[in-house]
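The structure appears right after this line, and notes come after that.
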Amino acid sequence: MLAFDARITTLVAMIDSSDDIPFFGDSEPVKRPSGLAARAMAARNQSAPAPDYLIGLNPEQRQAVVTTEGPLLVLAGAGTGKTRVLTTRIAHILATGLAFPSQILAVTFTNKAAREMKERVGMLVGGAVEGMPWLGTFHSIGVKLLRRHAELVGLRSDFTILDTDDVVRLIKQLIQAEGLDDKRWPARQFAQMIDGWKNKGLAPHEIPEGDARAFANGKGRELYEAYQNRLKTLNACDFGDLLCHPIRMLRANPDVLAEYHRKFKYLLVDEYQDTNTAQYMWLRLLAQRPQSKEPGQRGGSVNVCCVGDDDQSIYGWRGAEVDNILRFDKDFPGATIIRLERNYRSTEHILGAAGHLIAHNEGRLGKTLFTEQSDPEHEKVQVHAAWDSEEEARAVGETIEQLQRPDANGRRHNLNDMAILVRASFQMREFEDRFVTMGLNYRVIGGPRFYERQEIRDAMAYFRAVCQPADDLAFERIVNVPKRGLGDATIRQLHDYARARDIPMIAAARDLVETEELKPKARKSLRDVVEGFTRWSAALENTPHTELAERILEESGYTEMWQNDKSAEAPGRLENLKELIRSMDFYESMRGFLEHVALVMDAEQNEDMDAVSIMTLHSAKGLEFETVFLPGWEEGLFPHQRSLDEGGRSGLEEERRLAYVGLTRAKKRAHLWFVSNRRIHGLWQSTIPSRFLDELPEAHVEVAEAEMSYGGYNRFGGGSSGFSAGRQNPYGASRFDNPEIFASTYETPGWKRAQANRTDATSRNWGSRSGHQVERVGYGESGPRGVRTIEGELVAKSTTDTPSAFSIGDRVFHMKFGNGNVAAIEGNKLTIDFDKAGQKRVLDGFVTPV
DNA sequence: AAAAAACGAGTTTTT
DNA sequence: CTCGTTTTTT
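This is the structure we're talking about:
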């Protein structure tokens, strides 16, 4: 601490003696006002009051903020105020005049994180900073670098950015051009391979021989090369190139690199545990400047601050290297490491459970979160059992309804504060179905994103082809959308003509319609298209871009296509197109819009509605909720079998981190669920509870039978949190392989039932649903293994075979969806075409005949 | 060229 | 089972 203070003091002295202290604003150094100087001084002087932005930070957070010099790793556990530290740190650097906004490079992974950081820095600094030009995602900063130096990697600065869809189509063409069978060698798979190589920063000549041979009869390398060449001619980049090109460019041009070394005084990286090798190399290049005599910059090392949490690294499967964060102090010798372990989010039980679970991982830097919010009133983490996923969904739905009811104090739980976090997206379906029948508002986070929808991509392809006549991929996408009678044959012809002359396809089309080579019908259609593009391109400069966009969609017949489409989705698609054009308003030009959309592939959700969120565990990272439901804690699903098969031990550890992430999203309540039977690929499979449940500490967990409407459970098992005394420490690694040890960690009905299922019926399939109308399940009065007996089928379940009172075509009314016609009936489940809400499946009890 | 039928695959996702 | 894709049919 002393050394630290001494260093700071020198620094302050240095700053104070300087005449042109950088302050807010980018170009003109401004003399720092004395009031601020005092504040800055105060930040470092313990006797004086701290500047207001430091108030409320705990000592570790504060240290992370003010340790501006030298490499710093902030290990920020879940809910420990990571973003606050990052933003305050930036504010601090700015406020104390250590750097201009333009001299700080701050990278995040998602646009959302970048946006949030910008906003929060703005708030802290009082909006005096005109944005930070170098705060953004790795990719957006990569683009920025590339636009400036495109020619150094053989591109023009107006290059286009291709998304996955374009890439796959392009690769498919290449595979076909090579004369390979595109079914045996799927383009999508090769696209992933390329992505994998680029994540590692590997150029075609650098990829491992084995990889190169693995695809297309050993033509992998060739294809990769061909792909890169094709990109170059298209003047395009894929996402991987946005990382790889800058690396190559900076390596090959030391003068350019030196320029950025001079420029960036401070580097900040968010979510460091998620960086892949390419991002790491990129960062190293910028961070490791040569020995420097400039004051404030110590030779060789740099003021790089990485923030992350090794326990939350859940993206290994897409190239993230946890090792980057584990290795930090070796990469940056003399690095300061600060741990943020004081958690402000969750109760002691949630932290206790999560902490105990994650402690089963090896290869971690080790943190233990603690909280001061301890209260006997706090609910323990609850583990619930259900027969199958339908029951699981129903029980969760009921719990949600209960929580939503006003409590004794008249307070009610907002739906917005609840989330269901699933391992795999197919699990969502069941919850959606259930919530629809219940009339419970929900929102699905993460599904297909706005800009990935077909209609949006089509529209964008039109815009791209207008702005970038060389964008063959865009042109090809829409040349026959709407259908214009330009089929494969015509396209092939266009292709060949264009390739032979090395001109874009639009130009080829323009030429071809003047010849006799095309069939008259195709020729006329193509001429119309070409004329359209000529017109629109001409209008590009002198027409407001939103107006032009509308015109393009109108004149091309695209809007009309959807207007004539009678399917249920058509109106929604038209609405999306309107939304697209509306959103263009925020941009200066169509080009500006396209540039932005290529990188910012998200659209904000409707936040006004009070609704339960349903999302995958992966998309939940960084979020928090009062109450979190975690269904599907079963072996094979969570941990997922595939992770185990492909990732082995580290795969398991990543799954465990995922469980950790899930638990730590909860502030007050975490409800874990496992079911005994789950339908996988259409077959009913008997399942066993996740090993992660066994890894939870009994002190913070209670195994509860669900508060099901049919009641009658609590008479079993003598209390819901009884644990067997004999197995206090069941955490040896061997238990994973030894089924016996699974037998009874918890002495509760649900648990025992699960164990019974496991031993009785591990491989039994329930071929049909008729075998399990189980609403009421009893247990042989705690036999040694808790044998399951089915006492009866007392309560009618929603899936009975009782014929419905409705018939197809009946006019019905539903509380939530209004009027509609019955389209199909299965048992008492009705498929109804609602006049307003579209097609939904509901239970007959929820509708009345009109 | 468009509609119907057969086929096959099926964690997690950002840019 | 259920979705998306490819192949076959008209």
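In my numbering, the protein residues as written are 34 to 883. Every residue, glycine too, gets a C-beta built ideally from N, C-alpha and C.
- DSSP, read as helix, strand or coil, puts K700 in strand.
- The Cβ atoms of A507 and A498 lie closer than 7 Å to each other.
- If one requires a minimum length of 4 residues, the alpha helix (DSSP H) runs lying completely within the region 208–239 are 220–232, in chain order.
- Between the region 685–700 and the region 514–533, the count of Cβ pairs shorter than 8 Å is below three; the stretches do not touch.
- Sequence-distant Cβ neighbours of L105 in its own chain, meaning closer than 6 Å and more than five residues away, are C338 and T369.
- Remark: C-beta atoms of F671 and R456 approach each other more closely than 7 Å.
- Taking the Cα positions, L402 is about 39 Å away from H629.
- Less than 7 Å separates the beta-carbon of I371 from that of A97.
- Per DSSP, reduced to three states, the secondary structure at A571 is helical.
- A check of alpha carbon separations from I489 across V302, T592, D421 and T404 identifies T592 as the nearest.
- The C-alpha of I614 is placed about 7 Å away from the C-alpha of E583.
- Each of T143, L168 and N144 was checked against the Cα of V154, and the nearest Cα belongs to L168.
- Shown here for N336: same chain residues with a beta carbon closer than 7 Å to its own, the five before and five after excluded, namely T101, E102, G103, K298, Y299 and L300 in chain order.
- Every beta strand (DSSP E) of 3 residues or more that sits fully in the region 275–341 is shown, in chain order, as 299–302 and 337–341.
- Apart from the 5 residues on each side of it in sequence, A572 sits with its Cβ closer than 8 Å to the Cβ of L581 and R584 in its chain, given in chain order.
- Taking 7 Å as the cut-off, the Cβ atoms of Y693 and A387 count as close.
- Counting along the chain, R476 sits inside the beta strand (DSSP E) bounded by residues Y475 to V477.
- In the DSSP secondary-structure assignment, V107 is bridged to V340 and I371.
- For R532, no pairing in a beta bridge is given by DSSP.
- The alpha-carbon of E731 is positioned some 51 Å away from that of R246.
- Inside the region 376–419, DSSP marks whole alpha helix (DSSP H) runs of 4 or more residues at positions 381–391, from first to last along the chain.
- Judged by beta-carbon spacing, N376 lies within the 7 Å limit of T404, meaning their Cβ atoms are closer than that value.
- For L610, the three-state secondary structure derived from DSSP is helix.
- For the options R122, Y305 and D228, the alpha carbon positioned closest to that of F361 is the one of Y305.
- In terms of Cα proximity to F626, the closest of R189, F496 and E465 is F496.
- The Cβ atoms of P241 and R254 lie no closer than 7 Å to each other.
- Residue state for P882 is assigned as strand, using DSSP reduced to three classes.
- A residue is called buried when at least 16 other Cβ atoms come within 10 angstroms of its Cβ; M642 does not meet this threshold and is exposed.
- In this structure, the straight-line span from the alpha carbon of T567 to that of R560 is close to 10 Å.
- Taking every protein chain shown into account, the CB of L545 has 16 or more other CB atoms within 10 angstroms, so this residue is buried.
- Here R844 is bridged, per DSSP, to N854.
- When only Cα atoms are considered, P439 and N447 end up about 10 Å apart.
- Rounded to the nearest whole angstrom, the CA to CA distance from P553 to I227 is 41 Å.
- A check of alpha carbon separations from Q437 across W218, T660 and I280 identifies T660 as the nearest.
- Across the structure, K177 and I478 are spaced so that their CA atoms are roughly 29 Å apart.
- Pairing I280 with W315 gives a Cβ-Cβ distance under 7 Å.
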